[in-house]
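J.: Residues in the sequence shown are numbered from 1 upward in steps of one, following the numbering used here. Even glycine gets a Cβ: it sits at the ideal position worked out from N, Cα and C. This one's a predicted model, so the numbers in the text were calculated from it and none came from an experiment.
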Amino acid sequence: MKTKLKSLLLAFTLIATASIYAQQKQINAAESSINWTGKKVTGQHTGTLNFSSGFLTFQDGALSGGEFVVDMTSLTVTDLEAGKGKEKLEGHLTSDDFFGIKDHKNAKLVIKEASKMDGGYKIKGDLTIKGKTHPITFDLAVNGDTASTTLSVDRTKYDIKYGSGSFFDNLGDKTISDEFELAVNLKM
Numbered sequence: 001m002k003t004k005l006k007s008l009l010l011a012f013t014l015i016a017t018a019s020i021y022a023q024q025k026q027i028n029a030a031e032s033s034i035n036w037t038g039k040k041v042t043g044q045h046t047g048t049l050n051f052s053s054g055f056l057t058f059q060d061g062a063l064s065g066g067e068f069v070v071d072m073t074s075l076t077v078t079d080l081e082a083g084k085g086k087e088k089l090e091g092h093l094t095s096d097d098f099f100g101i102k103d104h105k106n107a108k109l110v111i112k113e114a115s116k117m118d119g120g121y122k123i124k125g126d127l128t129i130k131g132k133t134h135p136i137t138f139d140l141a142v143n144g145d146t147a148s149t150t151l152s153v154d155r156t157k158y159d160i161k162y163g164s165g166s167f168f169d170n171l172g173d174k175t176i177s178d179e180f181e182l183a184v185n186l187k188m
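(1) Considering Cα atoms alone, identify which of 46, 51, 21 is closest to residue 31.
(2) Helix, strand or coil: how does DSSP classify residue 150 here?
(3) Taking the alpha carbon of residue 195 as the reference point, which residue from 174, 68, 73 has its own alpha carbon closest?
(4) Under 8 Å between the Cβ atoms of residue 76 and residue 90?
(5) What's the C-alpha gap between residue 170 and residue 97?
(6) From the DSSP output, in three-state form, read off residue 87 for me.
(7) Just confirm the distance between the C-beta atoms of residue 44 and residue 37, as a whole number of angstroms; I'd bet it's less than 8 Å.
(8) For residue 177, which residues from the same chain have a beta carbon less than 6 Å from its beta carbon, with the 5 sequence-adjacent residues on both sides left out?
(9) Measure the C-alpha to C-alpha separation of residue 154 and residue 93 and round it to an integer number of angstroms.
(10) By the DSSP assignment, the beta strand (DSSP E) with residue 116 in it spans what residues?
(11) Once you ignore the five residues that flank residue 174 on each side, which residues in its own chain have a CB closer than 8 Å to its CB?
(12) What residues are listed by DSSP as bridge partners for residue 22?
(13) Residue 139 and residue 149: beta carbons closer than 8 Å?
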């Protein structure tokens, strides 16, 4: 009788402990993607960034957190050809006028809260760019081992003010939108 009770207690403890622990799904950085779009009065530019690492955390099958590190040195412009402005724009975007990658090689997103909704989750997190951290909210669709989102980031919150009509007057057609868009696809 004591052996059965001990076995039953051990089985219950194992089941209870297993459900307490969260499951962490690492992203496949090579197969995941970040496509960015920056807009200006006279048009827009597009490009890519790469993940260094990242994971999503699931508790009882529901998304509960996560963390992602973006390699800012991977910033690439995709709408211009080599020798036709591509290198110049990449150099400017990686300079201190924009992302200052000499001193800030990574950006980071930490998911603080994930609320279930139709088709996915409402995410609340902290985004760090250029050493400055601000809250961000966006929707994330999760489907098996993939997840995706499109979000807007106000660059001026991260001290990226170059060409911003919110901070400078008389820019005319040189004005650059304060927000840039990120289309993110994760594969785990």
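T.: Short version:
(1) Selection 46, 51, 21 evaluated against residue 31 yields 51 as nearest (Cα-Cα).
(2) In the structure shown, residue 150 sits in a strand (DSSP, three-state: E or B).
(3) This structure cannot speak to residue 195, because the chain is shown only from 1 to 188.
(4) Taking C-beta atoms as the reference points, residue 76 and residue 90 count as a pair closer than 8 Å.
(5) When rounded, the distance between both Cα atoms is 18 Å.
(6) DSSP places residue 87 within a helical segment (H, G or I) once states are collapsed to three.
(7) Contact between residue 44 and residue 37 holds: their C-beta atoms lie close to 6 Å from each other, under 8 Å.
(8) Same-chain partners within the cutoff: 39.
(9) Rounded to whole angstroms, residue 154 to residue 93 spans 15 Å at the Cα level.
(10) Counting along the chain, the beta strand (DSSP E) containing residue 116 begins and ends at 106–117.
(11) Excluding residues within five positions, the ones whose Cβ falls inside 8 Å are 40, 41, 163.
(12) DSSP lists no partner for residue 22.
(13) Contact flag set, yes.
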